[in-house]
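Structure record follows, encoded as C-alpha cells.
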C-alpha cells in the first residue's frame with residue numbers, strides 16, 4: 628500500500644514541476660510596471676493573498692496570466 632502512495636506522490640510532484648515549467652513568470656519590477664504600483668503595494672497585495680506569487684530564494688515571481696486576471700478583476 629505504501630508503494631502506491633509513494634508512486635502517487637511522485638506523480639503529483641512531477642505534475643507540479645511541469646506546471647511550474649510552463650508558467651510565464653514576471654519579476655516584481657515587471658508586475659509593478661504592468662499594474663502601475665510601487666513594490667510595497669505589490670508586496671501588500673501578496674501578503675493579503677489578493678495576488679499570488681512564487682518565492683525563489685528572496686525573489687518573488689508572478690504568473691503573467693494571474694497578473695492579467697487580477698488586472699481584469701480590478702477594473703471598475
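In the numbering used here, the protein residues as written are 628 to 703.
For glycine and all other residues, C-beta sits at the position ideal for the given N, C-alpha and C.
| request: Give me whichever residues DSSP pairs with residue 654 in a beta bridge. | output: In DSSP, residue 654 forms a bridge with 688.
| query | Cα-Cα, which of 672, 667 and 650 is closest to residue 701? | reply | Nearest of 672, 667 and 650 to residue 701, Cα basis: 672.
| Run through DSSP, which three-state label would residue 677 get? | In this structure, residue 677 counts as coil in the three-state DSSP scheme.
| task | Compare the beta carbon distance of residue 654 and residue 666 with 7 Å and say whether it is the shorter of the two. | result | At the C-beta level, residue 654 and residue 666 stay beyond 7 Å of one another.
| query | What does DSSP give as the partner residues of residue 683 in its beta bridges? | reply | The partner list for residue 683 (beta bridge, DSSP) reads 686.
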